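The structure appears below as structure tokens.
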Amino acid sequence: AQKITQTQPGMFVQEKEAVTLDCTYDTSDQSYGLFWYKQPSSGEMIFLIYQGSYDEQNATEGRYSLNFQKARKSANLVISASQLGDSAMYFCAMREGRNTGNQFYFGTGTSLTVIP
Amino acid sequence: DVKVTQSSRYLVKRTGEKVFLECVQDMDHENMFWYRQDPGLGLRLIYFSYDVKMKEKGDIPEGYSVSREKKERFSLILESASTNQTSMYLCASSLFPGGRYYEQYFGPGTRLTVT
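Listed in order, the protein sequences are those of chains A and B. Plus 197 on top of the position in the first sequence (first one is 1) and you've got the working numbering. Plus 3 on top of the position in the second sequence (first one is 1) and you've got the working numbering.
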């Protein structure tokens with residue numbers, strides 16, 4: 198089974214609108230971390246936001262927020278007020294466990310295009 | 004700031020050649036990772052290392068080996084390159100045990116073409 202599932206290969210959003218990128222995960226661990234990374238066309242992976250499994254509040258970082266629904270095992274990324282520079286690939290990732298193992302699991306990514 | 008560097012941004016090799024991809028990090032991180040990224044497949048873990056001279060296979064280790072002789076350097080080796088190893092290769096590092104984020108820091112990637 199896939200550890201991380203991103204079902205949207207491509208998304209379009211109008212500039213200044215909000216967009217939600219979907220991510221579901223699969224783990225039996227109680228302690229885990231969820232991450233979103235952005236990869237512009239230049240190739241570098243840029244860390245955006247983190248949500249710990251015990252965090253009660255949804256994470257927010259500027260225009261990025263993570264809609265964490267633990268029971269549904271979903272960790273959707275919400276980008277508010279989209280900008281042209283937000284056009285990129287977005288990857289959801291999970292790290293299982295607290296001290297055991299250090300493997301990250303990545304989804305297949307969502308390509309976001311912001312339309313002027 | 005953490006810096007992860009990779010020896011080449013672009014590399015073209017011939018089938019059967021031995022290929023070395025080098026990765027260096029400057030933040031004394033214990034963990035280092037090699038991924039390959041292919042369209043529609045996301046990032047797949049090839050190998051990771053949690054200490055000097057220690058290594059663990061990831062999801063797709065076949066056709067690859069790694070070397071970690073020094074803490075800051077993690078090398079990916081393609082013993083005999085094949086065309087199906089044409090891909091983007093990403094190196095990453097992280098602390099262990101991590102801080103709050105256990106975040107992985109990535110290098111700029113090496114786009115390898117095997118002809």
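By construction, the Cβ of each residue, glycine as well, lies at the ideal position given by its N, Cα and C atoms. Just so we're clear, the structure is a prediction, and the values are computed from it rather than from any experiment.
T86/B carries a helical assignment under DSSP once its states are collapsed to helix, strand and coil. Closest in C-alpha terms to Y261/A, from the list G249/A, S277/A, M286/A, R269/A, comes S277/A. Excluding its 5 nearest sequence neighbours in each direction, L93/B has C-beta neighbours in its own chain below 7 Å: Y38, Q40, L46, F109, G110, G112, listed in chain order. Residues of the region 44 to 58 of chain B that bring their beta carbon within less than 7 Å of a beta carbon in chain A comprise L44, G45, L46, L48, F51, Y53, in sequence order.
In this structure T89/B touches L115/B by the C-beta definition: roughly 6 Å separates them, less than 8 Å. Per DSSP, E59/B is one residue of the beta strand (DSSP E) stretching across 57 to 60. With a threshold of 16 other beta carbon atoms within 10 Å, G61/B meets it and is buried. Counting C-beta pairs with one atom in each stretch, the region 210 to 228 of chain A and the region 280 to 296 of chain A have three or more that are closer than 8 Å, which means they touch. Note on S238/A: under 16 other CB atoms within 10 angstroms of its CB, so exposed under the neighbour-count rule. Cβ contact annotation for F36/B (same chain, cutoff 6 Å, sequence separation greater than five): F51, A95, in chain order.
Out of S225/A, E253/A, F244/A, L274/A, the CA that lies nearest to the CA of V216/A is found in L274/A.
The beta carbon of D29/B sits closer than 6 Å to the beta carbons of K6 from its chain, once the five residues preceding and following it are set aside; these are given in chain order. DSSP places Y287/A in the uninterrupted beta strand (DSSP E) bounded by 285 to 293.
Cα atoms of R17/B and F301/A: separation of roughly 31 Å, rounded to the nearest angstrom.
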